[in-house]
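A.B. asks: Structure in structure tokens, see below.
In full-length UniProt numbering, the protein residues as written are 1 to 356.
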């Protein structure tokens, strides 16, 4: 008959029914021949009429039993057909849910790609800033009558800063390669899961949750790397510019900023206020992205459990894990410029020195 149950076992066999039907027809023909013989015998003697009645009753019983069997088989086939339709409906629902989950994962992967590109552009800006500061330091050393010992000490500090910066860039490249490989692996796992769900309705939710936990772990590692890069560079730049001899550089830089602001038709406070506004907008965009991320994955899902710490972030060359000493609130650029004698430059406004 071609109808199957939900587990793939054939519901009934057409050949089996055909064989039973053949046996039933053979019994009817045999009984018909027996009846014709019985009728012929009854013409010879009236006492054989009881045998004819018994034969007819046996035929009626056989027909009734056959009818009951056919009705039971028909009912069983109808139930199996309904089960097959229900299984098909469940498969369609599961396919739709997988498609929605796939779209959500694609959106998250696109967001991670955009953040990686932003990190690359930030690294390029830092390299340009370091090169510019190196040139400025070389010019300042050549133009000022400094002692040979001071020049050697500053050169050593610049070389250490350059080595730390190179180590950070190398570790960032390692993280980038790791994340790209992980994203590729997640795409392959997603395609495999969608293809498998099209053939069966048994979805392995534990594998998908594990992939989501690992993706969340990689995302948090990327955020931690960005924070560590910013804090380490800020600390190195501040430590390299604490010498009192850089007071002249601070005064000259502030004078150049005031001149630039006056040429643009702004005051120094207005010019720096625009920079602070742009930083606040970037911070608001980052908070909105984290809010969407939490809305999708949940703030603390009990099924996901605690996210394990990545072993790959434990010890990378040049990365020093320290707690942040900076305040969460942003200090205005005008108050930073109005500080006295021991300037602490932020790496976002004035790049630090580097090796010669």
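The beta-carbon is built from N, C-alpha and C at its ideal position, and this holds for glycine as well.
With a Cβ-Cβ cutoff of 7 angstroms, do residue 182 and residue 218 count as a contact?
C.D. replies: To locate residue 182, count along the chain shown from 1; it is residue 182. To locate residue 218, count along the chain shown from 1; it is residue 218. A contact, by the Cβ cut-off of 7 angstroms.
A.B. asks: Output the distance between the C-alpha atoms of residue 158 and residue 171, rounded to the nearest integer angstrom.
C.D. replies: Taking the first residue of the chain shown as 1, we reach residue 158 at position 158. Taking the first residue of the chain shown as 1, we reach residue 171 at position 171. So the alpha carbons of these two residues sit roughly 20 angstroms apart.
A.B. asks: In its own chain, which residues sit with a C-beta less than 7 angstroms from the C-beta of residue 169, not counting the 5 before and 5 after it?
C.D. replies: Here residue 169 is taken as the residue at index 169 of the chain shown, counted from 1. Around residue 169: 123.
A.B. asks: Can you give me the C-alpha to C-alpha distance between residue 80 and residue 176, rounded to a whole angstrom?
C.D. replies: Residue numbering aside, residue 80 sits at position 80 when the chain shown is read from its first letter. Residue numbering aside, residue 176 sits at position 176 when the chain shown is read from its first letter. Those two C-alpha atoms are separated by around 53 angstroms.
A.B. asks: Helix, strand or coil for residue 265, going by three-state DSSP, please let me know.
C.D. replies: Residue numbering aside, residue 265 sits at position 265 when the chain shown is read from its first letter. Coil.
A.B. asks: Could you tell me whether the Cβ atoms of residue 188 and residue 211 are closer together than 7 angstroms?
C.D. replies: In the chain shown, residue 188 corresponds to position 188, counting from 1. In the chain shown, residue 211 corresponds to position 211, counting from 1. No, these two residues do not count as a Cβ contact at 7 angstroms.
A.B. asks: Do residue 164 and residue 223 come within 7 angstroms of each other at the CB atom, strictly closer than that value?
C.D. replies: On the chain shown, residue 223 is found 223 positions in, with the first residue counted as 1. On the chain shown, residue 164 is found 164 positions in, with the first residue counted as 1. Contact flag unset, no.
A.B. asks: Select from 288, 100, 282 and 50 the residue whose C-alpha is nearest the C-alpha of residue 118.
C.D. replies: Position 118 of the chain shown holds residue 118. Residue 118 has its Cα closest to that of 282, out of 288, 100, 282 and 50.
A.B. asks: Rounding to the nearest angstrom, what Cα-Cα distance links residue 289 and residue 128 in this structure?
C.D. replies: Along the chain shown, one-based indexing puts residue 289 at 289. Along the chain shown, one-based indexing puts residue 128 at 128. So the two alpha carbons sit approximately 29 angstroms from each other.
A.B. asks: Cβ of residue 98 within 7 angstroms of Cβ of residue 194?
C.D. replies: On the chain shown, residue 98 is found 98 positions in, with the first residue counted as 1. On the chain shown, residue 194 is found 194 positions in, with the first residue counted as 1. Against a cut-off of 7 angstroms, the Cβ pair of residue 194 and residue 98 comes out as a contact.
A.B. asks: Tell me, to the nearest whole angstrom, how far the beta carbon of residue 196 is from that of residue 94; I am working on the premise that it is less than 8 angstroms.
C.D. replies: Sequence index remark: in the chain shown, residue 196 carries index 196 (1-based). Sequence index remark: in the chain shown, residue 94 carries index 94 (1-based). That pair is no contact at about 11 angstroms.
A.B. asks: Taking C-alpha atoms, which residue in 108, 58 and 150 lies nearest to residue 292?
C.D. replies: Position 292 of the chain shown, counted from the start, is the residue given in the question as residue 292. Residue 292 has its Cα closest to that of 108, out of 108, 58 and 150.
A.B. asks: Return the CA-CA distance between residue 113 and residue 284, expressed in angstroms with no decimal places.
C.D. replies: The residue you call residue 113 lines up with position 113 of the chain shown. The residue you call residue 284 lines up with position 284 of the chain shown. If I take the Cα positions, the gap works out to 19 angstroms.
A.B. asks: Just to confirm, is the Cβ distance from residue 271 to residue 261 under 7 angstroms?
C.D. replies: For the purposes of this step, residue 271 is identified with residue 271 of the chain shown, where counting begins at 1. For the purposes of this step, residue 261 is identified with residue 261 of the chain shown, where counting begins at 1. Cβ atoms of residue 271 and residue 261: closer than 7 angstroms.
A.B. asks: Rounded C-beta distance between residue 92 and residue 233? I'm assuming under 8 angstroms.
C.D. replies: Translated into the one-based positions of the chain shown, residue 92 becomes position 92. Translated into the one-based positions of the chain shown, residue 233 becomes position 233. Between residue 233 and residue 92 the Cβ distance is about 53 angstroms, and since that is not below 8 angstroms, they are no contact.
A.B. asks: In whole angstroms, what separates the C-alpha of residue 72 from that of residue 86?
C.D. replies: Position 72 of the chain shown, counted from the first residue, corresponds to residue 72. Position 86 of the chain shown, counted from the first residue, corresponds to residue 86. Straight-line Cα distance between these residues: approximately 21 angstroms.
A.B. asks: Buried or exposed: which applies to residue 335, given that a residue is buried once 16 or more other Cβ atoms fall within 10 Å of its Cβ?
C.D. replies: Here residue 335 corresponds to residue number 335 of the chain shown, with the count starting at 1. With a pLDDT of 48 at residue 335, under the threshold of 50, the predicted position of this residue should be treated as unreliable, though the coordinate-derived value follows. With fewer than 16 other Cβ atoms within 10 Å, it is exposed.
A.B. asks: Can you tell me the Cα-Cα spacing of residue 63 and residue 54, whole angstroms?
C.D. replies: Counting from one through the chain shown, the residue named residue 63 turns up at place 63. Counting from one through the chain shown, the residue named residue 54 turns up at place 54. Cα-Cα distance, rounded: 14 angstroms.
A.B. asks: What do you get for residue 90, buried or exposed, if any count of 16 or more other CB atoms within 10 angstroms of its CB means buried?
C.D. replies: Within the chain shown, numbered from 1, the residue matching residue 90 stands at position 90. Its Cβ having fewer than 16 others within 10 Å, residue 90 is exposed.
A.B. asks: Quick check on the DSSP output: what are the complete alpha helix (DSSP H) runs of length 4 or more inside the region 114–186, in order along the chain?
C.D. replies: With a minimum length of 4 residues, no continuous alpha helix (DSSP H) run stays inside the region 114–186.
A.B. asks: Let me know if residue 60 comes out buried or exposed under the rule of 16 or more other beta-carbons within 10 Å of its beta-carbon.
C.D. replies: The residue you call residue 60 lines up with position 60 of the chain shown. Flag for residue 60 reads exposed.
A.B. asks: Measure the alpha-carbon distance for residue 76 versus residue 57 and round it to whole angstroms.
C.D. replies: For this step, residue 76 is matched to residue 76 along the chain shown. For this step, residue 57 is matched to residue 57 along the chain shown. C-alpha separation (whole angstroms): 29 angstroms.
A.B. asks: Alpha carbons only, please: which of 130, 52, 185 and 268 is nearest the one belonging to residue 214?
C.D. replies: Within the chain shown, numbered from 1, the residue matching residue 214 stands at position 214. Per the Cα distances, 185.
A.B. asks: Report the rounded CA-to-CA distance for residue 160 versus residue 150, giving the unit in angstroms.
C.D. replies: The residue labelled residue 160 in the question sits at position 160 within the chain shown. The residue labelled residue 150 in the question sits at position 150 within the chain shown. So the two alpha carbons sit approximately 15 angstroms from each other.
A.B. asks: When the Cα atoms are used, what is the spatial distance from residue 68 to residue 88?
C.D. replies: Your numbering for residue 68 matches position 68 in the chain shown. Your numbering for residue 88 matches position 88 in the chain shown. Approximately 31 angstroms between the Cα atoms of the pair.
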